[in-house]
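Protein chains in written order, with numbering that gives the first Met the number 0: chain C, 0 to 377; chain G, 0 to 377.
2 protein chains.
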Amino acid sequence: MRDVFVVGAGMVRFGRLTERPVADFAAEAVRAALADSGLDRRRIGFSVFGHSQQGRVAGQRVLRELSLTGMPVLNVENACTSGASALHVAWMAVRSGLHDVALVVGMEKMEKGLIPPNPGEFEARLGKTMPAKYALRAKQHMEKYGTTAAQLAMISVKNHKAGALNPYAHYQKELTLEEVLASRPIAEPLTLLQCCPTTDGAAAVVVACGDVARQLQQTPVRIVASAVNSGAYRNSLKDGIASDDDLVVRCSGAAYESAGLGPEDIDVVEVHDAFTVGEMLAYENLGLCPRGEGGRLAWEGATALGGRIPVNPSGGLLSRGHPMGATGVAQIVELTWQLQGRAGPRQVPGAKVALAHVNGGSTPGIGSGSCAIHILAT
Amino acid sequence: MRDVFVVGAGMVRFGRLTERPVADFAAEAVRAALADSGLDRRRIGFSVFGHSQQGRVAGQRVLRELSLTGMPVLNVENACTSGASALHVAWMAVRSGLHDVALVVGMEKMEKGLIPPNPGEFEARLGKTMPAKYALRAKQHMEKYGTTAAQLAMISVKNHKAGALNPYAHYQKELTLEEVLASRPIAEPLTLLQCCPTTDGAAAVVVACGDVARQLQQTPVRIVASAVNSGAYRNSLKDGIASDDDLVVRCSGAAYESAGLGPEDIDVVEVHDAFTVGEMLAYENLGLCPRGEGGRLAWEGATALGGRIPVNPSGGLLSRGHPMGATGVAQIVELTWQLQGRAGPRQVPGAKVALAHVNGGSTPGIGSGSCAIHILAT
């Protein structure tokens, strides 16, 4: 098997891109990634698009905008992990020797709003929407470990502080702890400013084999692990409320093992903070702190820029925004820039190893339908 | 790179499955494929679902029905090639050594009808729907090569005759040439019975590496080529009406080359006969006959069961039906059975090499957004 490298990364500024077709702003992200790679666009031999709500052959429509047609195109859907799942497919294609250079695009125009409940699922009919599910997990954690509402809210403060330094973030404005706690209640203990906004956007990376990567100017960033997995069935009456904990532990465990690394080796992390509590649980599930200590980790500033293990230097889903299919690729863009020392005022000094985590696709009985972990290193 | 084999194949009888959720009938197809393989379901390490209109994480919902959760799942969308594109991804995963056994499922419940036009595309607003596009190509062929309406209609007669022998086909009833020609006009020269019906369905295959395949009872069927590609941009004002010809020629050319085989080596074929003219053009684009002779090839019976090169022994999209994401996998199921000598009254005697062709995802300026070719052999 061959090593696979990220050799180009680009994205659009996330936001409400109501007036622009998705193919238009996704093409902008592709142009940025191609320019960043320095590769002639004709070197691209394979492309994979991650998106969840863009309809039939949406990737082909993006490539038409770019006059970059006539190559293999796959569209991958995996809810919030669509973009990361697309990267997994491109990684397989390059790793296996089938293609030398591949394009990965994550994109979403959230015309239907943020993840409408699936009317066919009984849990949705019972009101168990995304905010409600995360709120239940927050309440459980507070009860079991003494986590406080302020500790959770601090995660939003931290991510908005980082997002204010990221010119690609939807929201580039700091928030105070008081503002976060006093914002409109959504599902106790989660307030509005602890839930990710509705955001459109696109991000793209070019991945390539070592022979290609070594010819290029940018520091190549190696994908040392790419793992995708899905939730295992649990009986919520017997095993407690739906949780992603087991899935994220299994998926990150597989990634750590295949990379020959552990949580202690990671310098910078992007996680799926669709809600503040999601980030806190990710700390524990990824092994960044012991079980139950996630709230304290955030409160003490360990995961802030300048802390022991910075998480979501991009601003995360809370501040950069969460265009479903785009998120997983935007994380890779951010971490690529971090590992290349190009992250400007939000740079994590000397970062050598980075981890990206997304999960989503809530499915009754399973918890998250999908989780993806990527570990990158220079 | 490792060889990849189809080691289990199953499908449901196609039809209007209005009362059944897609996860229910897709699970039935998976059970059939698993039983056919003889493998313990816990051996499945990876799964890929092809579908175009089933919403978020639809594959995960199928696996929940089967209590086959907790493994990597990807959902792949590529319009009519969704199922074949899913097989391409699973083939990469096994070929690259990442997984030993993978499950591929194609499924679709056509609740929105057959491929509604994309309102964002100017061609759709101009009335260039799927039947219209294929009709234009038929008219052009008739003008250029003297192809007749009866020659085209004969393809529907042939496929319904084969479909009448296939217990999994939506329509299992022979039609006369007169019936086909006299049916309601849809887009001249195409009549109703020359257009595929609206059909729901699912099909599944289990693919595995050689070490696993050799331990099993069924004759393993090797995937000797898996090629996916997309249309190249063309200026329809300058280069004539949208066509899949170039795409299918390129994609099948790549498949033949990687298999070290040519059209003359193929014993049995499944092609994308969404409309009769689609099958006729496929003959030419796949090299089964010289350019312009497709109509005559069908008329003379060369592509019927018992002919020189039987095409669509399953009944094809016209008779088996066309649940978009399911079609590409159903073709592989049929060809696997043909190569294993298990196709009953529609068996092509002594078939050793088979080819499956699908294309779709009409995109203005490109023609088909996607084409997939698989070559199988015992």
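Ideal placement from N, C-alpha and C gives every residue a C-beta, glycine not left out.
To the nearest angstrom, report how far apart residue i and residue j are at their CA atoms.
i: residue 193(G); j: residue 262(G); result: 26 Å
i: residue 70(G); j: residue 8(C); result: 29 Å
i: residue 220(G); j: residue 338(G); result: 7 Å
i: residue 102(G); j: residue 368(G); result: 25 Å
i: residue 158(G); j: residue 313(G); result: 8 Å
i: residue 297(G); j: residue 97(C); result: 36 Å
i: residue 342(G); j: residue 152(G); result: 25 Å
i: residue 29(G); j: residue 176(C); result: 51 Å
i: residue 377(C); j: residue 1(C); result: 16 Å
i: residue 215(C); j: residue 179(C); result: 44 Å
i: residue 58(C); j: residue 146(C); result: 43 Å
i: residue 12(C); j: residue 19(G); result: 43 Å
i: residue 91(C); j: residue 205(G); result: 19 Å
i: residue 292(C); j: residue 80(C); result: 26 Å
i: residue 139(G); j: residue 35(G); result: 45 Å
i: residue 144(C); j: residue 358(C); result: 23 Å
i: residue 380(C); j: residue 95(G); result: Shown here, chain C extends from 0 to 377; a query on residue 380(C) therefore has no answer.
i: residue 310(C); j: residue 124(C); result: 35 Å
So, are the CB atoms of residue i and residue j less than 8 Å apart?
i: residue 318(C); j: residue 170(C); result: yes
i: residue 110(G); j: residue 325(G); result: no
i: residue 222(G); j: residue 5(G); result: yes
i: residue 364(C); j: residue 233(C); result: yes
i: residue 306(C); j: residue 300(C); result: yes
i: residue 203(C); j: residue 323(C); result: no
i: residue 241(G); j: residue 188(G); result: no
i: residue 73(C); j: residue 47(C); result: yes
i: residue 112(G); j: residue 198(G); result: no
i: residue 49(G); j: residue 327(G); result: yes
i: residue 244(C); j: residue 370(C); result: no
i: residue 304(C); j: residue 161(C); result: yes
i: residue 362(G); j: residue 56(C); result: yes
i: residue 366(G); j: residue 230(G); result: yes
Residue range of the alpha helix (DSSP H) that residue i falls in?
i: residue 388(C); result: This structure gives no information on residue 388(C), because the portion of chain C shown stretches from 0 to 377.
i: residue 36(C); result: 21 to 36
i: residue 165(G); result: Neither: residue 165(G) is in no alpha helix (DSSP H) and is coded neither H nor E.
i: residue 284(G); result: 275 to 284
i: residue 61(G); result: 57 to 64
i: residue 338(G); result: 323 to 338
i: residue 200(G); result: Run containing residue 200(G): none in the alpha helix (DSSP H); it sits in the beta strand (DSSP E), 200 to 208.
i: residue 303(C); result: Taken as a continuous stretch (DSSP letters only), residue 303(C) belongs to no alpha helix (DSSP H), as it is neither H nor E.
i: residue 312(C); result: Per DSSP, residue 312(C) belongs to no alpha helix (DSSP H) and is neither H nor E.
i: residue 130(C); result: 129 to 144
i: residue 180(C); result: 176 to 181
i: residue 47(C); result: Counting along the chain, residue 47(C) falls outside any alpha helix (DSSP H), though it belongs to the beta strand (DSSP E) covering 45 to 49.
Which same chain residues end up closer than 8 Å to residue i when comparing Cβ atoms and leaving out the 5 residues on each side of it in sequence?
i: residue 99(G); result: 42, 44, 93, 207, 208, 210, 211
i: residue 375(G); result: 5, 220, 221, 222, 223, 331, 334, 335, 338, 352, 353, 354, 355
i: residue 217(C); result: 6, 7, 35, 36, 37, 339
Within the same chain, show all residues whose beta-carbon is closer than 7 Å to that of residue i, passing over the 5 residues directly before and after it, in chain order.
i: residue 25(C); result: 61, 104, 106, 201
i: residue 277(C); result: 133, 271
i: residue 154(G); result: 272, 275, 278, 279, 297
i: residue 88(G); result: 47, 73, 75
i: residue 340(C); result: 346
For the beta strand (DSSP E) containing residue i, name the first residue and the last one.
i: residue 376(G); result: 366 to 376
i: residue 10(C); result: 3 to 10
i: residue 225(G); result: 220 to 228
i: residue 106(C); result: 100 to 107
i: residue 250(G); result: Counting along the chain, residue 250(G) falls outside any beta strand (DSSP E), though it belongs to the alpha helix (DSSP H) covering 244 to 258.
i: residue 360(G); result: 352 to 362
i: residue 186(C); result: 184 to 186
Tell me which residues share the same chain as residue i and place their Cβ nearer than 6 Å to its Cβ, disregarding the 5 neighbours each side in the sequence.
i: residue 255(C); result: 261
i: residue 287(G); result: 262, 308
i: residue 344(C); result: 164
i: residue 76(C); result: 51
i: residue 372(G); result: 226, 250, 251, 254, 356
i: residue 21(G); result: 53, 106, 108
i: residue 265(C); result: 352, 354
i: residue 195(G); result: 273, 316, 317, 321
Contact between the stretch 342 to 358 of chain C and the stretch 264 to 277 of chain C: three or more CB pairs below 8 Å?
yes
Does the stretch 84 to 91 of chain G come within contact of the stretch 126 to 136 of chain G, defined as at least 3 CB pairs closer than 8 Å?
no
Segment contact flag, the stretch 249 to 260 of chain G with the stretch 224 to 231 of chain G, C-beta cutoff 8 Å, min 3 pairs
yes
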